[in-house]
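Structure first, commentary second.
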Amino acid sequence: KAGVTQTPRYLIKTRGQQVTLSCSPISGHRSVSWYQQTPGQGLQFLFEYFSETQRNKGNFPGRFSGRQFSNSRSEMNVSTLELGDSALYLCASSSFAGGRNTIYFGEGSWLTVV
Amino acid sequence: SQELEQSPQSLIVQEGKNLTINCTSSKTLYGLYWYKQKYGEGLIFLMMLQKGGEEKSHEKITAKLDEKKQQSSLHITASQPSHAGIYLCGAESGGSNYKLTFGKGTLLTVNP
Numbered sequence: 141k142a143g144v145t146q147t148p149r150y151l152i153k154t155r156g157q158q159v160t161l162s163c164s165p166i167s168g169h170r171s172v173s174w175y176q177q178t179p180g181q182g183l184q185f186l187f188e189y190f191s192e193t194q195r196n197k198g199n200f201p202g203r204f205s206g207r208q209f210s211n212s213r214s215e216m217n218v219s220t221l222e223l224g225d226s227a228l229y230l231c232a233s234s235s236f237a238g239g240r241n242t243i244y245f246g247e248g249s250w251l252t253v254v
Numbered sequence: 009s010q011e012l013e014q015s016p017q018s019l020i021v022q023e024g025k026n027l028t029i030n031c032t033s034s035k036t037l038y039g040l041y042w043y044k045q046k047y048g049e050g051l052i053f054l055m056m057l058q059k060g061g062e063e064k065s066h067e068k069i070t071a072k073l074d075e076k077k078q079q080s081s082l083h084i085t086a087s088q089p090s091h092a093g094i095y096l097c098g099a100e101s102g103g104s105n106y107k108l109t110f111g112k113g114t115l116l117t118v119n120p
């Protein structure tokens with residue numbers, strides 16, 4: 141069974157541009173969440189989607205947005221990029237079975253803003 | 009908001025030695041996850057603990073959850089160079105089972 145797949149793995153953007161990152165969850169998983177990882181702040185929750193609905197959002201500006209499609213694939217978008225948006229963006233998909241939730245992460249997308 | 013404190017921040021051990029990493033929460037723990045990360049890569053799921061007193065093992069790694077202390081510990085027996093990496097604990101935040109709050113991580117180096 142394939143794991144969580146994120147594309148692209150690496151990208152470089154210029155300040156002011158926008159970027160879209162893609163995430164394909166593990167087959168059968170309907171919940172997808174996004175995290176930002178930086179050396180200074182560590183791992184921070186961005187948002188989570190379930191059945192195309194955003195259920196929760198972290199403390200990030202409105203420049204960060206996401207969506208989920210009917211096949212559970214998800215995208216996140218960052219508009220008007222700033223240097224501080226340089227980070228590893230991680231997607232996670234989760235399943236709930238036997239009263240227990242299990243959350244699996246992808247390899248991440250490295251974003252560098254110059 | 010919930011905060012997780014991991015200790016130690018970094019650890020250097022000789023191959024074959026045992027070690028323990030701790031994760032302490034500022035609030036009640038509902039679900040606690042342990043992950044391993046190689047720098048710049050994704051998080052590898054190790055274990056999820058849910059009930060107080062629960063203990064789980066995966067190969068030479070054992071994790072326990074102490075509900076009263078709001079703490080979890082990760083123990084590695086007979087460490088190997090392959091155990092090297094960053095260990096992260098994450099807790100289900102505010103009872104939401106899909107949002108994790110993470111500790112800052114523990115960097116483990118295993119010298120052969």
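For the protein sequence lines, the chains are A and B, in the order given.
Numbers given in the numbering used here equal positions in the first sequence, counted from 1, plus 140.
Numbers given in the numbering used here equal positions in the second sequence, counted from 1, plus 8.
C-beta atoms are modelled at their ideal positions from N, C-alpha and C, and glycine is treated no differently.
Model, not experiment: these values are computed from the prediction.
Beta carbon proximity, residue i to chain B, threshold 9 Å
i: Arg207 of chain A; result: no
i: Val253 of chain A; result: no
i: Thr220 of chain A; result: no
i: Gly239 of chain A; result: yes
i: Thr242 of chain A; result: yes
i: Gly182 of chain A; result: yes
i: Ala142 of chain A; result: no
i: Gly156 of chain A; result: no
i: Phe204 of chain A; result: no
i: Gly224 of chain A; result: no
Residue i in three-state terms, based on DSSP
i: His66 of chain B; result: strand
i: Ser101 of chain B; result: helix
i: Ser90 of chain B; result: helix
i: Tyr150 of chain A; result: strand
i: Ser233 of chain A; result: strand
i: Ser167 of chain A; result: coil
i: Asn30 of chain B; result: strand
i: Thr85 of chain B; result: coil
i: Val253 of chain A; result: strand
i: Thr114 of chain B; result: strand
i: Gln22 of chain B; result: strand
i: Val144 of chain A; result: coil
i: Gln14 of chain B; result: strand
i: Thr160 of chain A; result: strand
Those residues which DSSP pairs with residue i across a bridge
i: Tyr43 of chain B; result: B:Phe53 and B:Leu96
i: Leu73 of chain B; result: B:Ser80
i: Arg155 of chain A; result: Answer by DSSP bridge pairing: none, since Arg155 of chain A is not bridged.
i: Gln177 of chain A; result: A:Leu183 and A:Leu228
i: Ser9 of chain B; result: Beta-bridge pairing links Ser9 of chain B to no other residue.
i: Tyr244 of chain A; result: A:Ser233
i: Leu108 of chain B; result: B:Glu100
Test: residue i CB closer than 9 Å to a CB of chain A
i: Ile101 of chain B; result: Before going on, a small fix: residue 101 of chain B reads as Ser here, not Ile. Yes, contact with chain A.
i: Tyr95 of chain B; result: no
i: Ile52 of chain B; result: yes
i: Lys107 of chain B; result: yes
i: Glu67 of chain B; result: no
i: Glu49 of chain B; result: yes
i: Lys112 of chain B; result: yes
i: Gln22 of chain B; result: no
May I ask you to verify whether the segment 17–33 of chain B touches the segment 220–236 of chain A, counting CB pairs closer than 8 Å and requiring at least 3? no
Output the residue ranges of the beta strand (DSSP E) runs that lie fully inside the segment 181–227 of chain A and measure 3 residues or longer, sorted by chain position. 182–190, 193–197, 204–208 and 214–218
Any chance the segment 211–221 of chain A sits against the segment 156–166 of chain A, with 3 or more Cβ pairs inside 8 Å? yes
Is it a yes or a no for the segment 198–215 of chain A touching the segment 171–180 of chain A, going by three-plus beta-carbon pairs under 8 Å? yes
With three or more beta-carbon pairs closer than 8 Å as the criterion, would you say the segment 189–199 of chain A touches the segment 238–248 of chain A? no
Indicate whether the contact test is met: 3 or more Cβ pairs, each with one atom in the segment 33–41 of chain B and one in the segment 91–98 of chain B, closer than 8 Å. yes
The segment 100–119 of chain B contacting the segment 178–197 of chain A, beta-carbon criterion three pairs below 8 Å: yes
Within the chosen definition, does the segment 223–234 of chain A reach the segment 29–36 of chain B through at least 3 CB pairs nearer than 8 Å? no
Check whether the segment 57–70 of chain B and the segment 243–253 of chain A touch, using three or more Cβ-Cβ pairs below 8 Å as the test. no
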